[in-house]
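Residue numbers (the working numbering): 85 to 298. In what follows, a structure is listed as structure tokens, so that the remarks can point back to it.
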Ligand code: ADP
Ligand code: ADP
Ligand code: ZN
């Protein structure tokens with residue numbers, strides 16, 4: 085099963101992608117996580133990506149497409165995968181379709197986690213990320229057992245620089261201009277499914293399972 089997660093920054097793509105990956109036993113591929121790992125490790129890619137990410141802008145298509153195409157061609161992706169944060173532009177979607185077509189494959193589902201902008205701004209202020217393992221929490225909606233400490237690895241939690249309110253608004257604008265057109269793109273392709281992302285995260289997941297099957 086090959087799945088794309090669509091939705092605004094903070095809509096809950098990552099949260100749902102992790103649950104999908106666990107239930108259906110397929111890899112979770114997050115381009116944001118890949119870039120953050122590269123930044124942490126000080127790679128050339130990380131240095132380039134950081135200048136865009138810090139400003140709330142998208143990293144140029146040429147830095148992301150080959151990376152994802154290489155990743156989905158790896159052995160562990162043979163039964164499918166869930167893409168989180170990619171594609172984010174029409175050219176990225178076209179490049180992905182072409183790479184899959186060359187292999188005689190196609191995407192199965194594009195799931196749009198639908199959340200209005202006003203909910204997003206509140207949600208992002210409460211998102212916390214682990215500096216160690218990258219796990220995501222929320223002060224109110226997904227709290228850790230001990231405040232400020234990762235449940236999984238025990239490291240400290242931070243507010244991502246790009247989750248500060250000024251940058252969130254910028255990212256939302258970028259989303260509407262560059263990413264939202266993908267909803268129509270996948271609707272035309274006949275694989276778009278929309279779920280209400282404003283409800284409890286377990287109920288969002290149930291709606292997704294209803295689409296994908298038990
Ligand atoms: P969120 O989950 O809040 O939407 P991500 O972790 O997916 O954020 O992405 C963080 C940042 O990484 C984006 O704002 C963008 O700068 C960059 N990024 C991630 N994926 C892509 C992509 N497919 N194309 C371009 N930039 C990307
Ligand atoms: P995205 O990957 O789309 O940027 P995340 O999955 O990181 O979004 O979720 C953004 C923030 O909102 C996180 O702090 C997460 O714990 C929280 N969150 C995710 N889904 C929900 C939900 N249905 N209701 C409330 N908060 C949520
Ligand atoms: Zn951790």
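From the three backbone atoms N, C-alpha and C, an ideal C-beta is built for every residue, glycine too.
**Item:** Test item, CB below 6 Å from any non-hydrogen atom of ligand 3
**Value:** With the cut-off at 6 Å, the residues found are 214, 216, 217, 219, 234, 236, 237 and 239.
**Prompt:** Taking DSSP as the reference, what is the three-state secondary structure of residue 208?
**Reply:** Translated into the one-based positions of the chain shown, residue 208 becomes position 124. DSSP places residue 208 in the helix class (H, G or I) of the three-state scheme.
**Asked** Expressed to the nearest angstrom, what Euclidean distance is found between the alpha-carbon atoms of residue 212 and residue 92?
**Response** In the chain shown, residue 212 corresponds to position 128, counting from 1. In the chain shown, residue 92 corresponds to position 8, counting from 1. For residue 212 and residue 92, the distance between alpha carbons rounds to 17 Å.
**Message:** Can you give me the C-alpha to C-alpha distance between residue 132 and residue 95, rounded to a whole angstrom?
**Reply:** Sequence index remark: in the chain shown, residue 132 carries index 48 (1-based). Sequence index remark: in the chain shown, residue 95 carries index 11 (1-based). Roughly 26 Å between the two C-alpha positions.
**Item:** Best match in 169, 85 and 239 for proximity to residue 116 [C-alpha to C-alpha]
**Value:** The residue you call residue 116 lines up with position 32 of the chain shown. The residue with the shortest Cα to Cα distance from residue 116 is 169.
**Message:** The alpha helix (DSSP H) that contains residue 271, what's its start and end?
**Reply:** Counted from its first residue, the chain shown places residue 271 at position 187. In this chain, the alpha helix (DSSP H) harbouring residue 271 covers 265 to 272.
**Request:** Could you pull out every unbroken alpha helix (DSSP H) segment of at least 4 residues lying fully inside the stretch 199 to 254, listed in chain order?
**Result:** The qualifying runs are 201 to 210.
**Prompt:** What are the boundary residues of the beta strand (DSSP E) that includes residue 86?
**Reply:** Along the chain shown, one-based indexing puts residue 86 at 2. Unbroken beta strand (DSSP E) run through residue 86: 86 to 90.
**Request:** Going by DSSP, name the residue or residues bridged to residue 162.
**Result:** Reading the chain shown from its first residue, position 78 is the one you call residue 162. Residue 162 is not bridged by DSSP to any residue.
**Message:** When you measure from the CB of residue 148 to every non-hydrogen atom of ligand 1, does any distance come out below 6 Å?
**Reply:** On the chain shown, position 64 is the one that residue 148 refers to. Yes, Cβ of residue 148 sits closer than 6 Å to a heavy atom of ligand 1.
**Request:** Note down, in chain order, each residue of its chain lying with its Cβ closer than 8 Å to the Cβ of residue 222, except the 5 sequence neighbours on either side.
**Result:** The residue you call residue 222 lines up with position 138 of the chain shown. In the same chain as residue 222, and ignoring 5 residues on each side of it, the C-beta atoms closer than 8 Å to its own belong to 207, 210, 211 and 212, in chain order.
**Asked** Grouping DSSP H, G and I as helix and E and B as strand, with all else coil, what is residue 277?
**Response** Start at 1 with the first residue of the chain shown, and residue 277 comes out as number 193. Residue 277: strand per DSSP, three-state reduction.
**Prompt:** So what's residue 95 in DSSP terms, helix, strand or just coil?
**Reply:** Numbered from its first residue, the chain shown carries residue 95 at position 11. Residue state, collapsed to three classes: coil.
**Asked** Would you say residue 239 and residue 214 are within 7 Å of each other, going by their C-beta atoms?
**Response** The residue given as residue 239 occupies position 155 in the chain shown. The residue given as residue 214 occupies position 130 in the chain shown. Judged by their CB atoms, residue 239 and residue 214 are nearer to each other than the 7 Å cut-off.
**Prompt:** Which class does residue 151 belong to by DSSP, given the choice of helix, strand or coil?
**Reply:** Position 67 of the chain shown, counting from 1, holds the residue named residue 151. Residue 151 falls in the helix class under three-state DSSP.
**Sub-7 Å separation of residue 86 and residue 289 beta-carbons** = Here the question's residue 86 lines up with position 2 in the chain shown. Here the question's residue 289 lines up with position 205 in the chain shown. In this structure, residue 86 lies away from residue 289, with their beta-carbon atoms at least 7 Å apart.
**Asked** Roughly how many angstroms lie between the CA atoms of residue 204 and residue 162, to the nearest whole one?
**Response** Looking up residue 204 in the chain shown gives position 120. Looking up residue 162 in the chain shown gives position 78. Taken atom to atom, the span from the alpha-carbon of residue 204 to that of residue 162 is near 34 Å.
**Request:** Return helix, strand or coil for residue 110, following the three-state DSSP convention.
**Result:** Working through the chain shown from its first residue, we reach residue 110 at position 26. The three-state reading of DSSP puts residue 110 in coil, since its state is none of H, G, I, E or B.
**Prompt:** Say the cut is 6 Å; is the CB of residue 137 nearer than that to a heavy atom of ligand 1?
**Reply:** The count along the chain shown starts at 1 and reaches residue 137 at position 53. Short note on residue 137: C-beta closer than 6 Å to some heavy atom of ligand 1.
**Prompt:** With a Cβ-Cβ cutoff of 7 Å, do residue 243 and residue 232 count as a contact?
**Reply:** Position 159 of the chain shown holds residue 243. Position 148 of the chain shown holds residue 232. In this structure, residue 243 sits away from residue 232, with a CB-CB distance that is not shorter than 7 Å.
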